[in-house]
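The sequence shown begins at 1160 in our numbering and counts up by one.
Inspection log for the structure reproduced underneath, given as structure tokens.
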Amino acid sequence: MRKWGFLLVAFMFLLSACSSHDVKTLRVAEVTRSIFYAPQYVAIEKGFFAEEGLHIELNTTWGGDKTMTTLLSNGADIALVGSETSIYVYSQGAIDPVINFAQLTQTDGTFLVSREPIANFTWDQLKESTFLGQRKGGMPQMVGEYVLKQHGIDPHKDLNLIQNIEFANIANAFASGTGDFVQLFEPTASIFEQEGKGYIVASFGTESGHLPYTTFMAKQSFIEKNKDVIEKFTRALYKAQQWVQTHEAKEIATVIQPYFENTDIALIEKVVDRYKKQGSYATDPILDEEEWNHLQNIMKEANELPSYIDHSILVNTSFAENAQKR
């Protein structure tokens, strides 16, 4: 009996070792930690990546430039960042271009926050104000400028525009008294409302329409060598997107709370609900040509587009399309 017991334990150990050996670890660099990326955290917490034999090592790299540098220097296998970064890299003559293969968010995720409460906000109230914007050349800033222009405001002539503050320090700068208005992501915007430091008066996501605001991307060489891995990753993401689409904000908030330990669960639920209602979470991973062209038009408006890049060059929808067929 002891002999058979020993053999059984040995067999189970070998089975476990083989199983763990089959798990593929992927290093993912996210541009920031945000409730805006809820489907990504759902995919991890609900075990959708694990079901595909993937283990995700998630690292927050705080800013588009740093995220892309991490990817290009092989510090990450996959990056979650704005699609504009892939255009910048390609335009600099990259031998190994960065390819967008799965879309996570389909609108801008920022909100216009006023220092004082405004009962009936109109966009012309921004004129001659001090506006604390985002980093020059980044999607938040470009979308912000696009929306302002749509409302007849020239951000460089009608505002005192400040955009030389590091992404991670923008909220602190506003809280310290800089600016009359600021462009902020959640949950910071709602936290400021709770604390009386600012008041949400408009949504840039609602105003700007659909675009590939945040996508998963990888170097072309990595994708070519790991097609099965990218396929599994995209399939897991799609499961999470569908799960988020069909579940209430309260349940989503409960699942992703471990990623926002210092944020009240009620506030997470409020933010998730706001993003769901304005259609910010993509319901599938496909980055279509219309969205891609809208992105480039916004970049052109901001004088940040080096040149138009065809959708087929920097976007690969095959993995997303296959995910939907399963």
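Virtual Cβ for every residue (Gly too), placed ideally from N, Cα, C.
Contact check, residue i vs residue j under 8 Å by CB: the rounded distance?
i: I1321; j: F1290; result: 7 Å
i: V1248; j: V1190; result: At roughly 14 Å, the Cβ-Cβ gap does not stay under 8 Å, so V1248 and V1190 are not in contact.
i: L1185; j: E1216; result: 7 Å
i: Y1418; j: Y1200; result: 5 Å
i: V1272; j: G1357; result: 4 Å
i: T1373; j: T1264; result: 4 Å
Helix, strand or coil for residue i, going by three-state DSSP, please let me know.
i: T1393; result: helix
i: L1318; result: coil
i: V1248; result: helix
i: V1190; result: coil
i: I1468; result: coil
i: T1422; result: coil
i: L1291; result: strand
i: N1323; result: coil
i: A1312; result: Sequence inspection shows Ile at residue 1312; the Ala mentioned does not correspond to that position. Residue state, collapsed to three classes: coil.
i: S1367; result: helix
i: G1234; result: coil
i: I1445; result: coil
i: L1167; result: Any reading at L1167 needs caution, since the residue's pLDDT is 48, under 50, leaving its predicted position unreliable; the model's value is listed next. L1167: helix per DSSP, three-state reduction.
i: G1297; result: coil
i: P1417; result: helix
i: S1335; result: coil
i: A1176; result: Below a pLDDT of 50, predicted positions are generally treated as unreliable, and A1176, at 43, falls in that range; the measurement from the model is reported next regardless. Note: A1176 maps to helix in three-state DSSP.
Return the bridge partner residues of residue i from the DSSP annotation.
i: K1183; result: L1213
i: S1273; result: F1340 and Y1358
i: V1257; result: K1378
i: V1240; result: T1374
i: Q1262; result: T1374
i: N1218; result: A1188
i: V1474; result: N1259
i: Y1440; result: T1264
Out of curiosity, what's the CA-to-CA distance linking residue i and residue j?
i: S1362; j: N1259; result: 26 Å
i: F1340; j: K1316; result: 16 Å
i: F1375; j: M1298; result: 15 Å
i: D1283; j: F1333; result: 21 Å
i: I1246; j: Q1400; result: 25 Å
i: M1301; j: E1428; result: 28 Å
i: K1384; j: K1308; result: 43 Å
i: I1312; j: Q1342; result: 15 Å
i: N1319; j: S1288; result: 6 Å
i: A1330; j: I1457; result: 24 Å
i: G1368; j: G1336; result: 31 Å
i: V1360; j: T1269; result: 11 Å
i: S1477; j: G1234; result: 25 Å
i: R1485; j: S1232; result: 34 Å
i: H1214; j: V1182; result: 7 Å
i: D1224; j: E1325; result: 11 Å
i: D1423; j: Q1416; result: 9 Å
i: E1304; j: L1370; result: 15 Å
i: A1487; j: Q1379; result: Since the first residue shown for the chain is 1160 and the last is 1485, residue 1487 is missing from the structure and cannot be characterised.
i: A1209; j: W1402; result: 16 Å
i: G1206; j: V1414; result: 11 Å
i: N1323; j: P1314; result: 15 Å
Might you give, ordered along the chain, the residues of its own chain that have their beta carbon closer than 6 Å to the beta carbon of residue i, omitting 5 neighbours on each side?
i: G1296; result: E1463
i: A1238; result: A1188, T1226, L1230 and M1376
i: H1310; result: W1282
i: N1218; result: A1188
i: G1338; result: T1289 and L1291
i: T1244; result: G1223 and M1227
i: Q1293; result: P1299, Q1300 and Q1342
i: E1450; result: H1369, L1370 and P1371
Less than 8 Å between C-beta atoms, sequence neighbours within five positions excluded: which residues of the same chain meet that for residue i?
i: L1426; result: P1346, S1349, I1350 and Q1353
i: I1382; result: I1258, F1260, I1389 and N1475
i: A1479; result: F1260, A1261, Q1262, T1393, Y1397, D1443, P1444, I1445 and L1446
i: Q1455; result: I1246, L1464, Y1467 and I1468
i: E1211; result: K1391, F1392, R1394 and A1395
i: W1221; result: V1190, T1191, F1326 and A1327
i: N1481; result: E1390, T1393 and R1394
i: K1286; result: I1312, D1317 and L1318
Near residue i, which residues of its chain fall below 7 Å by C-beta distance, leaving aside the five closest residues on each side in sequence?
i: Q1437; result: T1266, S1362, G1364 and T1365
i: D1431; result: The sequence given here places Val at residue 1431; Asp does not occur at that position. So the qualifying residues of the chain are I1194, A1197, A1408, I1411 and A1412.
i: V1306; result: F1363, E1366 and S1367
i: P1276; result: Y1358
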